[in-house]
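Below is one structure, written out as structure tokens; comments come after it.
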Amino acid sequence: MILQFRLWILNCTFFFLSCLFRALTSVVALGANIICNKIPGLAPRQRALCQSRPDAIIVIGEGAQLGINECQYQFRYSRWNCSALGERTVFGQELRVGSREAAFTYAITAAGVAHAVTAACSQGNLSQCGCDRDKQGYHDQEEGWKWGGCSADVKYGVEFSRRFVDAREIKKNARRLMNLHNNEAGRKILEERMKLECKCHGVSGSCTTKTCWITLPKFREIGYLLKGRYSEAVQVEPVRASRLRQPSFLRLKLARGYQKPTDTDLVYLERSPNYCEEDKATGSTGTQGRLCNGTSTSADGCNVMCCGRGFNTHQYTKVWQCNCKFHWCCFVKCNTCSERSEVFTCK
Ligand SMILES: *[C@@H]1O[C@H](CO)[C@@H](O)[C@H](O)[C@H]1NC(C)=O
Ligand SMILES: *[C@@H]1O[C@H](CO)[C@@H](O)[C@H](O)[C@H]1NC(C)=O
Ligand SMILES: *[C@@H]1O[C@H](CO)[C@@H](O)[C@H](O)[C@H]1NC(C)=O
208 MILQFRLWIL NCTFFFLSCL FRALTSVVAL GANIICNKIP GLAPRQRALC QSRPDAIIVI
268 GEGAQLGINE CQYQFRYSRW NCSALGERTV FGQELRVGSR EAAFTYAITA AGVAHAVTAA
328 CSQGNLSQCG CDRDKQGYHD QEEGWKWGGC SADVKYGVEF SRRFVDAREI KKNARRLMNL
388 HNNEAGRKIL EERMKLECKC HGVSGSCTTK TCWITLPKFR EIGYLLKGRY SEAVQVEPVR
448 ASRLRQPSFL RLKLARGYQK PTDTDLVYLE RSPNYCEEDK ATGSTGTQGR LCNGTSTSAD
508 GCNVMCCGRG FNTHQYTKVW QCNCKFHWCC FVKCNTCSER SEVFTCK
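Count along the sequence shown starting at 1, add 207, and that's the number in my numbering.
Right, dumping it as structure tokens:
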């Protein structure tokens, strides 16, 4: 058992936490202490939370995975495809440069954790939370609708994400301020997109009474919103409060005076590398071997994606069943169709 566990840890390099706990659900014999001590890269407060709430840790892992899957989806046609080289953390590989890409990964991870925890609460999967208890009884006597069903308790999910995700920021530097700001922006955007759903009751849908509840948005929606925020991310710089040497807040770099970013801005400290070549120093994996589009002139086109290095062409034949006809009775006859096709990958 222990040997298997070790081997498995070696294989599990990406998104450590979720990957670890997916396997651990079958290794229930290990206590929370052992499990939490085995996870590398947890900050002290994260380890403590892990020990007191092992059930929540599984959900946190799923939330982090939700975030990274969305990140990979949103950036599937870009040079940077959401992967990084370098330090491995419980949230996967982390970008060293305080770039707008790093900003996106922090925001989407924090939102993912808040989303997963909130969903788990609603489904009764976590012991200390459930449906939002403030949303019970009548909401509005005159309009005549009342709270019903299970309203998602997003405040709980957000607070949990804050306690766990933010606890990894232990260095007192500008990057910490950047990361915390982006975490908060991700969670805020999630909170703003919570939806009110209602259902009518009464004879043939006459709506004599109506019940409403709050639901989580689809995480894809949060992905698109954060991608938009990423495109409009703002560069900031740290401001040190007089005698203290630690940076105490961030201000917009290209603004006069002390203008602060808004709550839902994604913020970055450093300009992005071009992500063309593999570079351990910046965390860039490079674009060699990436699929590209031979005719597109935007980011997924071979010219842009391959940074002018050129591309390889791979030809293949697609085969499928076609022109299927139903014959009485009872069989289906099809032809075989085929098409020559090609894909391109960067040199
Ligand atoms: C809740 O638990 C059930 C059963 O273990 C699982 O299928 C479901 O995905 C969980 N839901 C969430 C949101 O974690
Ligand atoms: C991202 O690109 C790198 C470098 O080409 C590749 O190794 C990796 O598998 C890609 N990741 C995803 C999720 O597509
Ligand atoms: C390549 O890009 C063109 C133009 O943007 C688009 O019409 C086409 O569907 C793309 N092909 C693939 C395989 O994605």
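For each residue, glycine too, the CB sits at the ideal point set by N, CA and C.
Any non-hydrogen atom of ligand 2 within 7 Å of residue i CB
i       : result
Thr-494 : yes
Gln-279 : yes
Cys-289 : yes
Arg-447 : no
Arg-307 : no
Arg-516 : no
Identified DSSP bridge partners for residue i
i       : result
Ser-548 : Tyr-523
Ser-491 : Asp-486
Asn-500 : Gly-508
Val-410 : Looking at the DSSP assignment, Val-410 forms no beta bridge with any residue, so it has no partner.
Thr-422 : Lys-402
Arg-516 : DSSP lists no partner for Arg-516.
Residue nearest to residue i in terms of C-alpha spacing, selected from the options
i       : options                               : result
Asn-380 : Phe-282, Val-446 and Lys-362          : Val-446
Thr-489 : Leu-433, Pro-251 and Ala-291          : Ala-291
Ser-358 : Asn-240, Lys-540, Ser-411 and Thr-418 : Thr-418
Val-365 : Leu-459, Ala-327 and Thr-520          : Ala-327
Ser-438 : Cys-544, Ser-285 and Cys-499          : Ser-285
Ser-545 : Trp-535, Cys-536, Leu-384 and Gln-528 : Gln-528
Cys-483 : Asp-472, Arg-497, Leu-476 and Asp-470 : Arg-497
Gln-330 : Leu-423, Arg-375 and Arg-370          : Leu-423
Val-297 : Gly-274, Gly-337 and Thr-543          : Gly-274
Phe-367 : Lys-353, Thr-524, Ala-317 and Trp-354 : Ala-317
Ser-259 : Arg-303, Lys-554, Thr-325 and Leu-333 : Leu-333
Tyr-475 : Val-443, Ser-449 and Glu-301          : Val-443
Gly-248 : Gly-356, Arg-375, Gly-270 and Gln-281 : Arg-375
Asn-530 : Val-539, Thr-524 and Thr-471          : Val-539
Environment of residue i [buried if 16+ CB atoms lie within 10 Å]
i       : result
Arg-547 : exposed
Arg-283 : exposed
Arg-478 : exposed
Val-526 : exposed
Cys-391 : According to the sequence as given, residue 391 is Glu; it is not Cys. Classification for Glu-391: buried.
Ala-236 : Because the pLDDT at Ala-236 is just 44, under 50, the model does not fix this residue reliably, and the point stays unresolved.
Ala-462 : exposed
Cys-257 : buried
Thr-543 : exposed
Pro-468 : buried
Ser-233 : Summary for Ser-233: the model assigns pLDDT 45, below 50, so the residue's position carries little reliability; its value from the coordinates is reported in the next sentence. Counting Cβ neighbours within 10 Å, Ser-233 comes out exposed, since fewer than 16 surround it.
Tyr-523 : exposed
Leu-214 : Unreliable placement is indicated for Leu-214, whose pLDDT of 40 sits below 50; the coordinate value is still reported in the next sentence. Its Cβ having fewer than 16 others within 10 Å, Leu-214 is exposed.
Any non-hydrogen atom of ligand 1 closer than 7 Å to residue i Cβ
i       : result
Ala-326 : yes
Asn-555 : Any property of residue 555 remains undetermined from this structure, which presents the chain solely from 208 to 554.
Val-266 : yes
Asn-332 : yes
Glu-484 : no
Any non-hydrogen atom of ligand 3 within 7 Å of residue i CB
i       : result
Ser-503 : yes
Asn-276 : no
Asn-500 : yes
Whole-Å CB distance - residue i paired with residue j, under 8 Å assumed
i       : j       : result
Glu-428 : Arg-452 : Contact doesn't hold; Cβ gap of about 42 Å is too wide.
Asp-373 : Asp-360 : In fact, because the Cβ distance is near 19 Å, the residues do not count as touching under 8 Å.
Leu-459 : Phe-311 : Rounded, the Cβ-Cβ distance is 18 Å, inconsistent with contact.
His-521 : Glu-549 : 6 Å
Gly-393 : Ala-263 : Wrong, their Cβ atoms sit about 19 Å apart, outside the cutoff.
Cutoff 8 Å: residue i Cβ touching any chain B Cβ
i       : result
Tyr-475 : Of the chains in the structure shown, none is chain B; there is only one protein chain.
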